[in-house]
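Participant: Attaching a single structure in structure tokens format; questions to follow.
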Amino acid sequence: MGKKIRNLLKLIFLSLLIMGGKNIYAAEKTIIIGAPLPTAFLYGWDAERGIKLAVEEINAGGGVNVGGKKLPLKVEVIDTRDLEPGVPVSEALLAVEKLILEKKVDFLIGGPARSEAALAAMDILSRYKKVSIITTGVLTPAFHKKIEENYDKYKYSFRITSHVGVMANDFIVLMEELKKKHNLAKVYIMVQDVEHARKGGEYMKKLLTEKGWQVVDMKIYPTGASDFSVGLNEVTKAGADILFIWMDMPESAILLQQWSNLKVKALPLGFLNAAEQPGFWKATNGKCEYLIVNLVNGGNAPANITPWTMKFAEAYKKKYGLEPEGYGTSSSYMAVYALKDAIERAGTLDADAVIKALEEINLMGVYGKIRFDKKNHQVIPSLDPNEGAVTSIIQWQKGKRVHIFPFKTAEGSILLPPWMKK
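Structure follows, in structure tokens:
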């Protein structure tokens with residue numbers, strides 16, 4: 115064999131080797147998850163932490179099995195700023211599109227967290243055929259209704275967290291038990307002057323009236339208000355037994371301090387963003403004791419809801435140095451595992467196949483059985499973790515967030531302030 119022929123054969127061999135190497139490299143795909151989140155806010159940063167914890171655990175276990183091949187996960191986070199005052203919805207939409215076009219994400223998990231932004235983003239997901247799982251914010255029933263009304267267009271969107279309809283009804287069940295046990299009858303409502311809180315207050319007023327409660331008044335406070343003493347005195351004069359609060363501003367810490375200092379004989383409960391966090395006890399100097407708060411999904415505070423709940427809480431604390439922080443934490447973590455489960459059963463990253471697999475999911479998770487309504491892609495709620503996704507309503511007791519509802523999974527009883535006891 116001549117020297118020229120040998121050199122030619124070597125060249126061909128090296129070319130094949132290089133091409134084969136490129137093919138092997140190409141086959142080692144990374145599954146990229148885009149996380150559009152308002153990272154400066156609780157519902158953004160705790161969601162990011164939940165997603166990254168799940169990704170870290172899955173990668174440590176070898177990744178996601180796609181048709182017999184294990185692929186790693188990667189997270190691309192982008193700040194949507196959609197919970198900042200004055201930021202237009204268009205900015206969040208640009209962030210979602212940037213994840214799809216520039217970061218080449220395969221799936222989206224997280225937000226946008228603002229309802230208006232998430233609803234508008236559904237058209238982008240449809241255009242690019244990208245499967246998304248909403249895990250934080252977006253409590254409006256309009257989200258799953260939009261999917262049900264136009265399934266073929268919006269089938270790419272799922273929500274693994276609850277919505278205000280379920281949350282309000284959970285509170286009604288709890289309050290009916292309080293009525294029966296302690297002979298309570300009157301409610302005073304305080305809400306922040308933002309749309310979701312005003313509408314939420316009106317909705318609770320309607321439900322409570324239908325159940326026979328006397329709603330004596332509903333007071334609306336501007337964002338940033340720092341004195342609630344006049345309203346609290348009105349609560350006392352009206353003889354209210356329950357003080358229902360719907361606020362997401364940090365000044366709610368002042369409200370609880372004033373409530374405690376005035377010894378108002380009405381049990382405070384509701385939706386308070388700041389009160390979800392482990393640091394709220396310190397922020398109120400312990401004056402938040404007896405406050406009852408809805409954390410939306412189980413596992414957003416430590417509890418023994420399923421075998422996975424405390425395992426998640428301990429892993430979160432080990433990684434981040436504090437307990438799960440509130441709404442958006444456990445749902446964001448579970449969304450990654452739900453996506454992994456669906457991809458592995460589908461055996462592919464194809465959007466339609468993954469949608470079908472998500473619709474068929476039956477996964478026991480941090481806050482109960484994860485299943486989706488096939489018509490509207492809303493996670494199916496329940497008061498029993500063996501049947502569906504359960505909430506976590508907690509009460510601040512001796513510096514801890516104690517899981518007190520659903521009653522089936524409660525770890526403590528509801529306590530009344532000593533100045534309320536008859």
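Remember, our numbering sits 114 above the position in the sequence shown when you count from 1. We treat Cβ as the ideally placed atom computed from N, Cα and C, and that holds for glycine.
(1) Give the range of the beta strand (DSSP E) segment to which Ala-149 is assigned.
(2) At what residues does the beta strand (DSSP E) containing Trp-360 begin and finish?
(3) Need the endpoints of the beta strand (DSSP E) that Gly-335 sits in, please.
(4) By Cβ distance, which residues of its chain are closer than 7 Å to Gln-372, with the 5 residues on each side in sequence left out?
(5) Using only alpha-carbon positions, find the residue among Ala-397, Val-280, Thr-350, Ile-303 that is nearest to Gln-492.
(6) Find the nearest neighbour of His-517 within the set Leu-213, Gly-412, Pro-532, judged by alpha-carbon distance.
(7) For Thr-420 and Pro-499, which I take to be in contact (beta-carbon distance under 8 Å), what is that distance rounded to the nearest angstrom?
(8) Taking the alpha-carbon positions, what's the Cys-402 to Ala-456 distance?
(9) Could you tell me which uninterrupted beta strand (DSSP E) segments, each at least 3 residues in length, are contained entirely in the segment 169-256, listed from first to last along the chain?
(10) Which parts of the segment 393-472 are runs of the beta strand (DSSP E), unbroken and 3 residues or longer, counting only runs that do not cross its ends?
(11) Around the C-beta of Lys-166, are 16 or more other C-beta atoms found within 10 angstroms, so that it is buried, or is it exposed?
(12) Closest to Asp-540 by C-alpha separation, out of Ala-299, Trp-327, Pro-199, Glu-205, would be which residue?
(13) Classify Thr-144: buried if its beta carbon has 16 or more other beta carbons within 10 angstroms, exposed otherwise.
(14) Does DSSP put Gly-482 in a helix, a strand or coil?
(15) Where does Gln-391 fall in DSSP's three states?
(16) Let me know if Leu-436 comes out buried or exposed under the rule of 16 or more other beta-carbons within 10 Å of its beta-carbon.
(17) Do Leu-383 and Ile-406 have their beta-carbon atoms positioned less than 8 Å apart in this structure?
(18) Give a yes or no on whether the C-beta atoms belonging to Gly-148 and Val-219 are separated by under 8 Å.
(19) Between Tyr-268 and chain D, is the shortest Cβ-Cβ distance under 8 Å, so that the two count as touching?
(20) Just mark Val-191 as buried or exposed, buried being the case when its beta carbon has 16 or more other beta carbons within 10 Å.
(21) Can the beta-carbon of Leu-222 be found closer than 8 Å to that of Pro-336?
(22) Any idea what DSSP makes of Ala-141, helix, strand or coil?
(23) With DSSP run on the structure shown, which of helix, strand or coil describes Phe-285?
(24) In whole angstroms, what is the alpha-carbon distance linking Lys-269 and Ala-467?
(25) Between which two residues does the alpha helix (DSSP H) holding Tyr-317 run?
(26) Report, in whole angstroms, the separation of the C-beta atoms of Ile-274 and Thr-254, which I expect to be a contact under 8 Å.
(27) If you draw a straight line from the C-alpha of Phe-155 to the C-alpha of Pro-202, how long is it?
(28) Can you tell me where the alpha helix (DSSP H) holding Ile-368 begins and where it ends?
(29) To the nearest angstrom, how far is the alpha carbon of Phe-521 from that of Thr-505?
(30) Considering only DSSP beta bridges, list what Lys-514 is partnered with.
(31) Between the Cα of Gly-314 and the Cα atoms of Ala-339, Val-330, Lys-325, Phe-285, which residue gives the shortest distance?
(32) Quick one: what's got a C-beta closer than 7 Å to Met-534's C-beta in the same chain, skipping five residues either side?
(33) For Val-349, count the other beta carbons within 10 Å of its own beta carbon; 16 or more makes it buried, fewer makes it exposed. Which is it?
(34) Going by DSSP in three states, Gly-135 sits in which element: helix, strand or coil?
(35) Can you tell me whether Tyr-537 is helix, strand or coil according to DSSP?
(36) Counting pairs of beta carbons, one from the segment 206-216 and one from the segment 229-238, are three or more of them closer than 8 Å?
Facilitator: The structure says:
(1) In the sequence shown, the residue the question calls residue 149 occupies position 35. Under the DSSP assignment, Ala-149 falls in the beta strand (DSSP E) whose first and last residues are 145-151.
(2) Translated into positions along the sequence shown, residue 360 becomes position 246. Start and end: 356-361.
(3) Here residue 335 refers to the residue found at position 221 of the sequence shown. Note that residue 335 corresponds to Tyr in the displayed sequence, not to Gly. It spans 328-335 - the beta strand (DSSP E) in which Tyr-335 sits, taken as one unbroken run.
(4) As a working note, residue 372 is residue 258 in the sequence shown. Within the same chain, Gln-372 has close Cβ partners Phe-342, Ser-343, Leu-346.
(5) Here residue 492 refers to the residue found at position 378 when the sequence shown is read from its first residue. Residue Val-280 is the option with its Cα nearest to Gln-492.
(6) The count along the sequence shown starts at 1 and reaches residue 517 at position 403. Relative to the Cα of His-517, the nearest Cα in the group Leu-213, Gly-412, Pro-532 belongs to Gly-412.
(7) What you label residue 420 is simply residue 306 of the sequence shown in a count that begins at 1. What you label residue 499 is simply residue 385 of the sequence shown in a count that begins at 1. With a Cβ gap of about 5 Å, Thr-420 and Pro-499 count as contacting.
(8) For the purposes of this step, residue 402 is identified with residue 288 of the sequence shown, where counting begins at 1. For the purposes of this step, residue 456 is identified with residue 342 of the sequence shown, where counting begins at 1. Between Cys-402 and Ala-456, the C-alpha separation is close to 41 Å.
(9) Runs of the beta strand (DSSP E) lying entirely within the segment 169-256 and spanning at least 3 residues, in chain order: 178-180, 183-185, 187-193, 221-224, 245-248.
(10) DSSP runs (the beta strand (DSSP E)) wholly in the segment 393-472: 406-408.
(11) Within the sequence shown, the letter at position 52 stands for residue 166. Buried is the call here.
(12) In this structure the chain extends from 115 to 536, so residue 540 is not present and cannot be described.
(13) Translated into positions along the sequence shown, residue 144 becomes position 30. Thr-144 counts as exposed, since fewer than 16 other C-beta atoms from the protein chains shown sit within 10 angstroms of its C-beta.
(14) Along the sequence shown, one-based indexing puts residue 482 at 368. For Gly-482, the secondary structure class from DSSP, reduced to helix, strand or coil, is strand.
(15) Locating residue 391 in the sequence shown gives position 277, where the first residue counts as 1. DSSP places Gln-391 outside both helix and strand once states are collapsed to three, so it counts as coil.
(16) Residue 436 sits at position 322 when you count from the first residue of the sequence shown. Of the residues assessed, Leu-436 falls on the exposed side of the cut-off, its CB having fewer than 16 other CB atoms within 10 angstroms.
(17) On the sequence shown, position 292 is the one that residue 406 refers to. On the sequence shown, position 269 is the one that residue 383 refers to. Yes, the Cβ-Cβ distance between Ile-406 and Leu-383 is below 8 Å.
(18) For the purposes of this step, residue 148 is taken as residue 34 along the sequence shown, with counting starting at 1. For the purposes of this step, residue 219 is taken as residue 105 along the sequence shown, with counting starting at 1. Their beta carbons are under 8 Å apart, which means Gly-148 touches Val-219 by this criterion.
(19) Absent from the structure is chain D; it holds one protein chain and no more.
(20) Here residue 191 is taken as the residue at index 77 of the sequence shown, counted from 1. Buried is the label assigned to Val-191, since at least 16 other Cβ atoms lie within 10 Å of its Cβ.
(21) Position 108 of the sequence shown, counted from the first residue, corresponds to residue 222. Position 222 of the sequence shown, counted from the first residue, corresponds to residue 336. Contact annotation: Leu-222 and Pro-336 have beta-carbon atoms that are not nearer than 8 Å.
(22) On the sequence shown, residue 141 is found 27 positions in, with the first residue counted as 1. Any reading at Ala-141 needs caution, since the residue's pLDDT is 46, under 50, leaving its predicted position unreliable; the model's value is listed next. The answer is helix: DSSP assigns Ala-141 an H, G or I state.
(23) Stepping through the sequence shown from its first residue, residue 285 is reached at position 171. Shown here, Phe-285 sits in a helix according to DSSP, grouped into three states.
(24) Counting from one through the sequence shown, the residue named residue 269 turns up at place 155. Counting from one through the sequence shown, the residue named residue 467 turns up at place 353. C-alpha separation (whole angstroms): 12 Å.
(25) Numbered from 1 along the sequence shown, position 203 holds the residue referred to as residue 317. Residue range 309-324 is occupied by the alpha helix (DSSP H) that includes Tyr-317.
(26) Numbered from 1 along the sequence shown, position 160 holds the residue referred to as residue 274. Numbered from 1 along the sequence shown, position 140 holds the residue referred to as residue 254. Between the beta-carbon of Ile-274 and that of Thr-254 there is about 15 Å, and that puts the pair past the 8 Å contact cut.
(27) Along the sequence shown, one-based indexing puts residue 155 at 41. Along the sequence shown, one-based indexing puts residue 202 at 88. Here the alpha carbons of Pro-202 and Phe-155 stand approximately 16 Å from one another.
(28) Numbered from its first residue, the sequence shown carries residue 368 at position 254. In the DSSP assignment, Ile-368 falls within the alpha helix (DSSP H) that extends over 366-375.
(29) Along the sequence shown, one-based indexing puts residue 521 at 407. Along the sequence shown, one-based indexing puts residue 505 at 391. Phe-521 and Thr-505 have their alpha carbons spaced roughly 11 Å apart.
(30) If you number the sequence shown from 1, residue 514 lands on position 400. Paired residues: Gln-511.
(31) Counted from its first residue, the sequence shown places residue 314 at position 200. Comparing Cα positions, the closest option is Phe-285.
(32) On the sequence shown, position 420 is the one that residue 534 refers to. These residues qualify, in order along the chain: Lys-379, Leu-381.
(33) Looking up residue 349 in the sequence shown gives position 235. The Cβ neighbour count for Val-349, taken over all protein chains shown within 10 Å, is at least 16; the residue is labelled buried.
(34) The residue you call residue 135 lines up with position 21 of the sequence shown. With a pLDDT of only 44 at Gly-135, under the threshold of 50, the placement of this residue in the model should not be trusted, and no figure is reported.
(35) What is shown of the chain runs 115 to 536, which leaves residue 537 out entirely.
(36) Touching, per the Cβ criterion.
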